[in-house]
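Novice: Going by my numbering, 160 is the number at position 144 of the sequence shown; the sequence numbering is gapless. The beta carbon of each residue, even a glycine, is placed where N, CA and C say it ideally should be. Note that the structure is predicted; figures quoted are calculated from it, not measured.
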Amino acid sequence: MTDSDPSPGYQPSGGPVRTTRRRGRMTDAKRQALADLSPRWALGSRLSGPELDAAFGRSAPRLLDVGVGTGEATREWAARHPDHDVIAVEVHQPSLARLLQDLELHGPDNVRVLDADVTAVLADHAREIDTGRPSGPAAFSAVRVLFPDPWPKRRHLHRRLVDRSFVSVVADLLPLGGWIHLATDWDDYALQMRLALLRESRLVIDLDGEHAGLGPEDLVHPDEIDPDDPPRWASARPPRPVTTYEARGLEAGRHITDLVAHRHR
Ligand SMILES: C[S@@+](CC[C@H](N)C(=O)[O-])C[C@H]1O[C@@H](n2cnc3c(N)ncnc32)[C@H](O)[C@@H]1O
């Protein structure tokens, strides 16, 4: 899977997700839903190919959806790609409970849920690549992160999920032609994402219309961004519903940026 520049390991700058955020407000019904429905829909903590094949009962191309919240967009993605299997990673327990309830009621069947901090999952994955385990970590046709927590305060910026190291370890998961899709409603996070994608030489960003042709020399550092005139430099929006978090950003008048990059080597 890693034919060039494998990630030398993955050390998330923000550290693990804090446990208080995991718990949120849990009702008895949600606790019960997690207990009852996890055996049907939840995965163990590893993303190995054989384990995923066993969980889905088939061997199909895979899509990884990270930080899905209550997962409406995940279920839509999976319904649109019945020939793929979708793995949804989320830490927030009340959101997971809601997703499991919706899956049980409405499907689709080609979704499984991973209750885990994706940074820990990817760090394990990077270690497996380094040690060349024979069963091999799973590959994904696409990895998507829609509206990761923005952490807009300067002192919290280091907690942001999508940075250069994250993009590098995701590139390890992708085969040639595989793609990563990021979206955010924070202009400076969009710039940070763009920088991270540009610095990963195995990926090339798909640009939209008039913006095509801009390269690293046109980059603006997030600190230099003019909030009244942020650079709009993005990919065409792939088909996807407006997510819960995106709706809040739109309501607050924020601009939505989608970035898609393909693995080309
Ligand atoms: C801002 S919300 C966006 C949710 C959804 N994608 C949407 O657009 O409505 C970010 C989500 O990512 C989850 N999350 C944050 N860090 C995570 C991590 N390290 N691993 C897994 N999920 C994470 C949070 O619990 C939260 O549900």
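1) Assign ALA76 to one of three DSSP states: helix, strand, or coil.
2) Check the DSSP bridge columns for ARG160 and list the partner residues they point to.
3) Per DSSP, which residues does ARG279 bridge with? Please list them.
4) As a quick exercise: from SER75, LEU119, GLU120, GLY87, pick the residue whose alpha carbon is nearest that of ASP101.
5) Here's the rule I'm using: 16 or more other beta-carbon atoms within 10 Å means buried, otherwise exposed. How should LEU266 be labelled?
6) Pick from VAL84, THR86, GLY85, ASP69: whose alpha carbon is nearest that of ARG78?
7) Looking at the strands, I want to know which residues DSSP matches up with GLU106.
8) For the 8 Å Cβ check, are there 3 or more pairs between the region 102-118 and the region 42-54?
9) From this set, VAL185, ALA268, VAL84, THR200, which residue's C-alpha is nearest ASP131's C-alpha?
10) Can you tell me whether DSSP reads ALA89 as helix, strand or coil?
11) Exposed or buried, GLY73, counting other C-beta atoms within 10 Å across all chains shown (16 or more means buried)?
12) I'd like to confirm the pairing. Which residues does DSSP put opposite THR273 in its beta bridges?
13) Label GLN208 either buried or exposed according to how many other C-beta atoms from any shown protein chain fall within 10 Å of its C-beta, with 16 as the threshold for buried.
14) Do the CB positions of PRO28 and PHE182 come within less than 8 Å of each other?
15) I need the straight-line Cα distance from GLY30 to LEU119, nearest angstrom please.
16) Can you tell me whether DSSP reads ALA268 as helix, strand or coil?
17) So what does ALA58 bridge to, in DSSP terms?
18) Pull up the DSSP beta-bridge partners for ASP101, would you.
19) Go ahead and pull the three-state DSSP assignment for MET209.
20) Is it the case that the CB of VAL276 approaches a heavy atom of ligand 1 more closely than 7 Å?
21) Alpha carbon to alpha carbon, how far is ASP21 from ALA142?
Specialist: So, from the data block:
1) As a position in the sequence shown, residue 76 is number 60, starting the count at 1. In this structure, ALA76 counts as coil in the three-state DSSP scheme.
2) Counting from one through the sequence shown, the residue named residue 160 turns up at place 144. Bridge partners of ARG160: ASP81, HIS197.
3) For this step, residue 279 is matched to residue 263 along the sequence shown. DSSP lists LEU219 as partners of ARG279.
4) As a position in the sequence shown, residue 101 is number 85, starting the count at 1. That would be SER75, whose Cα lies nearest to the Cα of ASP101.
5) For the purposes of this step, residue 266 is taken as residue 250 along the sequence shown, with counting starting at 1. Exposed is the call here.
6) As a first step, residue 78 is located in the sequence shown; it is residue number 62 there, counting from the start. Residue ASP69 is the option with its Cα nearest to ARG78.
7) As a working note, residue 106 is residue 90 in the sequence shown. Paired residues: ASP131.
8) yes
9) Position 115 of the sequence shown, counting from 1, holds the residue named residue 131. Nearest option by C-alpha distance: VAL84.
10) Here residue 89 is taken as the residue at index 73 of the sequence shown, counted from 1. ALA89 falls in the helix class under three-state DSSP.
11) As a position in the sequence shown, residue 73 is number 57, starting the count at 1. With fewer than 16 Cβ atoms within 10 Å of its Cβ, GLY73 is classed as exposed.
12) Indexing the sequence shown from 1 puts residue 273 at position 257. THR200, per the DSSP bridge assignment.
13) The sequence position of residue 208 within the sequence shown is 192, counting from 1. Flag for GLN208 reads buried.
14) The count along the sequence shown starts at 1 and reaches residue 28 at position 12. The count along the sequence shown starts at 1 and reaches residue 182 at position 166. Taking 8 Å as the Cβ cut-off, PRO28 and PHE182 qualify as a contacting pair.
15) The sequence position of residue 30 within the sequence shown is 14, counting from 1. The sequence position of residue 119 within the sequence shown is 103, counting from 1. Each residue's Cα considered, the two are about 31 Å apart.
16) Position 252 of the sequence shown holds residue 268. In the structure shown, ALA268 sits in coil (DSSP, three-state: anything other than H, G, I, E or B).
17) On the sequence shown, residue 58 is found 42 positions in, with the first residue counted as 1. Paired residues: VAL129.
18) Within the sequence shown, residue 101 is the residue found at index 85, counting from 1. In the DSSP output, where bridge partners are listed per residue, ASP101 has ARG78.
19) The residue you call residue 209 lines up with position 193 of the sequence shown. Residue state, collapsed to three classes: helix.
20) By 1-based counting over the sequence shown, the position of residue 276 is 260. Not so, every heavy atom of ligand 1 lies at least 7 Å from the Cβ.
21) Here residue 21 is taken as the residue at index 5 of the sequence shown, counted from 1. Here residue 142 is taken as the residue at index 126 of the sequence shown, counted from 1. Because ASP21 sits at a pLDDT of 43, beneath the cut-off of 50, its placement in the model cannot be relied upon, and the following sentence gives the value as read from the coordinates. Cα to Cα, the separation comes out at about 12 Å.
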